[in-house]
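For reference, the structure discussed in these notes is given below.
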Amino acid sequence: MAPSLSLAPLMEYFSLQPEQLGKSVRIEQALRLAILHDWPEGSRLPAHRALCSQLGVARDTLAQAMRVLVEEGYIITGQGQGTWTRRPVSSRQALPPDTAQLSSRANEILQAHSASAIQSGAFMPGIPDITQFPMAKWRELYASVTVPRNVLLLSYSGGGYGPLKRAIRDFLWRWRRLACDTDQIIITDGTHNGIELCALALSDVGDRVLMESPCYWGAHNIFTAVGATVERVAWHPETGHAPRDSSKPVQLAYFTGSHHYPLSIATSRAHRQALCDEVQPRYVLEDDYEFTGEDSTSLMFDGHSSQHLLVGSFSKLMFPGLRLGYLVAPHSLVDSLNRLRSEVFREGRLLDQATLAQFLAEGDLDTWYRRIQRDYLARQQVMHDQLVQVPGVIDVSPPSHSISLCLQFSPEVDDRRIARKLLQSHLITRPLSLVCSEEDSRSGLILGIGMLSGRTLTAEALRLRHILTRLLATYT
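Residue numbers (our numbering): 19 to 494.
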């Protein structure tokens, strides 16, 4: 007999989804979360008519969401036999160890910092507001480049679409006061692709890569995947970097940009320069991960340097699914990096690149970002005002134009346990300790504000405050 099924989690997940996403997408997201976190494997869903009645949607709307989940393996349906839940991720994990022999690098990544199937929900870090993005304008521009005379846009690209590279050059000067030549810019499939390209081109297996602690876990995973030896040095904004435990040479030093991720505070050029003067890395790679349009003077990048590289992405400025970014490299490296990218990754997506070029050139990105960054600042203020009132929270990152914030606890607080408890209440956060080195005892939570706004944000911030107050009381 199938396990009994409560629709309460589904209804709560559905209510938390932004209305701008459309009912079918909201149902799909809600069902996926309920299957992953609340419903037992093999639960039988109520009849579609009953689900439609509970959710207040048409049957075609529900059927559209169901088709997606069937394709992804989250539900199984049979003619006249009903619809049953399934957990494809759990099923794979349950296989005997010898059925899938992964590399040690793959296992290290999957067991470490992230490897999460959840990519949406209240306070999910790293996700911008996709509901307010001017999609109508984007579709209009896409249609304008998708015409018969543009058949060349269906081919491979060679280092990137020229007009987009020029638009990015102007964008970097306009927003960051960073000067570079157009031919220094390589279009990438997002920041991760740019970091991986640098890691492949500039380091060999076993070479030492220096990162700060806390670190951006995405970059850490990339360096681990290519076989680098990752060394992390704790950084505190008040005192700078802790002493190194090693004197071994460093091939590549990696830093987030002018806004530290995940601490969500302004970085210090003086601190990083002092560390680089001590370590003398062969290359310095900066990642403008959380671009805020604010102070650019903390970036070390110099377009005339043969040592410095910069990666950036439009995923946090616009929408994650875009997966377009840029790498700005020294003149001496550009040709080799372009050829390596072509051989290893194969460039393409010229239609998307052409659309983005027009979106930049016509000022649409500037207009959009000026608007949404004011909104982000207001949301950050709401979160800050609620979280500073929680006993046991010793620090909250100051309000900014970014999509993330960080709160810190005393070192004795088990932030992983706190995050697990919050997940049970459908609040998705990331423990700070997971991205800290063993010598860095900081504890806290990394949160995002991109998926919540208005009254929903206020209500969820208040709910988070009350739950945190209860959970942290056990440590006092």
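We put the beta carbon where it would ideally sit given N, CA and C, even for glycine. Treat the numbers as computed from the prediction; the structure is a model and nothing was measured.
- Alpha carbon of Q68 to alpha carbon of L80, nearest angstrom: Reading the sequence as shown, one finds Ala at residue 68 and not Gln. Looking at the two C-alpha atoms, the distance is approximately 11 Å.
- Item | Contact set for S406: own chain, Cβ-Cβ below 8 Å, skip 5 residues either direction | The sequence as given places Val at residue 406; Ser does not occur at that position. Excluding the 5 residues flanking it on each side, V406 has same chain C-beta neighbours closer than 8 Å at V414, in chain order.
- Query: Do the region 236-243 and the region 369-381 touch if we need at least three Cβ pairs shorter than 8 Å?
  - Reply: Taking 8 Å as the limit for Cβ pairs, the verdict is that the region 369-381 does not touch the region 236-243.
- Item | 7 Å Cβ shell around L489 - same chain, five flanking residues per side excluded | Excluding positions up to five away in sequence, the list reads I436, K439.
- Query: Mapping DSSP to helix, strand and coil, what is R250?
  - Reply: The answer is strand: DSSP assigns R250 an E or B state.
- Check E158 in the structure and name its three-state DSSP category. Reduced to three states, the DSSP call for E158 is helix.
- Under the DSSP definition of a beta bridge, which residues are partnered with V163? In DSSP, V163 forms no bridge with anything.
- Query: Count the other CB atoms within 10 Å of the CB of K266; is the residue buried (16 or more) or exposed (fewer)?
  - Reply: Classification of K266: exposed, given that the 10 Å Cβ count is below 16.
- Reduced DSSP secondary structure (H/G/I, E/B, other) of F189: In this structure, DSSP gives F189 a helical state, which the three-state scheme calls helix.
- Message: Please identify the residue among G212, R50, C70 whose C-alpha is closest to the C-alpha of E89.
- Response: Distances from the CA of E89 to each of G212, R50, C70 were compared; the closest alpha carbon is that of R50.
- Quick one: which unbroken beta strand (DSSP E) runs of 3-plus residues sit fully inside the region 365-417? Chain order, please. As far as the region 365-417 is concerned, its whole beta strand (DSSP E) runs of at least 3 residues are 411-414.
- Which of the three DSSP states, helix, strand or coil, is assigned to P299? It is coil, neither helix nor strand.
- Message: Along the chain, where does the beta strand (DSSP E) containing R226 start, and where does it finish?
- Response: Secondary structure note for R226: its beta strand (DSSP E) is the uninterrupted segment 226-231.
- Pairwise C-alpha distance: I203 and S351: Per the sequence shown, the amino acid found at residue 351 is Leu instead of Ser. Approximately 11 Å, taken between the alpha carbons.
- Rank L463, L368, F319 by C-alpha distance to the C-alpha of G178 and give the top, closest one. With distances taken between Cα atoms, G178 lies closest to L368.
- Task: Can you have a look at E304 and say buried or exposed, based on whether 16 or more other CB atoms are within 10 angstroms of its CB?
- Result: Burial call: buried.
- Query: Rounded to the nearest angstrom, how far is the Cβ of E30 from that of V86, given a contact under 8 Å?
  - Reply: Contact check for E30 and V86: beta-carbon distance about 20 Å, past the 8 Å limit, so the pair fails to qualify.
- Message: What would DSSP say about W57, mapped onto helix, strand or coil?
- Response: It is coil, neither helix nor strand.
- Please say whether A246 and S495 have beta carbons closer to each other than 8 Å? With the chain covering 19 to 494 only, the question about residue 495 has no answer from this structure.
- Would you report the Cα separation of Y272 and V227, rounded to the nearest angstrom? Their Cα atoms are separated by approximately 7 Å.
- When the Cα atoms are used, what is the spatial distance from H326 to F319? Rounded to whole angstroms, the gap between the alpha carbons of H326 and F319 is 6 Å.
- Distance between D78 and L113 (C-alpha atoms, nearest Å): Only weak support is given to the placement of L113: the predicted model assigns it a pLDDT of 47, under 50, and the value that follows is read from those uncertain coordinates. The alpha-carbon atoms of L113 and D78 are separated by roughly 36 Å.
- Going by DSSP, which residues form a beta bridge with C424? In DSSP, C424 forms a bridge with I464.
- When you compare only the Cα positions, how much space is there between G330 and L63? Straight across, the Cα-Cα distance linking G330 with L63 is about 44 Å.
- Message: On a Cα-Cα basis, can you pick out the residue from V244, W57, E365 that is closest to R123?
- Response: It is V244 whose Cα lies nearest to the Cα of R123.
- Query: What first and last residue would you give for the beta strand (DSSP E) that runs through T274?
  - Reply: First-last of the beta strand (DSSP E) with T274: 270-274.
- Message: Going by beta-carbon coordinates alone, are L293 and H259 separated by less than 8 Å?
- Response: Closer than 8 Å, so yes.
- Could you say which of V223, S61, L480 lies nearest to L25 if we only look at CA atoms? For L25, the nearest C-alpha among the options comes from S61.
- Task: Would you tell me roughly how many angstroms separate the C-alpha atoms of G212 and H402, rounded to the nearest one?
- Result: Distance between the alpha carbons of G212 and H402 is about 33 Å.
- Going by alpha carbons, who is nearest to L159 out of R389, I390, T373? Of the listed residues, the one whose Cα sits closest to L159 is T373.
- Query: Helix or strand or just coil, what does DSSP make of V453?
  - Reply: DSSP, read as helix, strand or coil, puts V453 in helix.
- Query: Per DSSP, what kind of secondary structure is D147 in: helix, strand or coil?
  - Reply: Looking at D147 - three-state DSSP - the assignment turns out to be coil, as it is neither helix nor strand.
- Label G275 either buried or exposed according to how many other C-beta atoms from any shown protein chain fall within 10 Å of its C-beta, with 16 as the threshold for buried. So G275 ends up on the buried side.
- Select from T476, L452, I421, H419 the residue whose C-alpha is nearest the C-alpha of D433. Comparing Cα positions, the closest option is L452.
- Task: With a threshold of 16 other CB atoms inside 10 Å of the CB of A479, please say whether the residue is buried or exposed.
- Result: Under a 10 Å Cβ-count criterion, A479 is classified as buried, with 16 or more other Cβ atoms of the shown protein chains found around its own Cβ.
- Buried or exposed by the 16-neighbour rule on C-beta atoms within 10 Å, applied to A76: When all chains shown are included, A76 counts as exposed.
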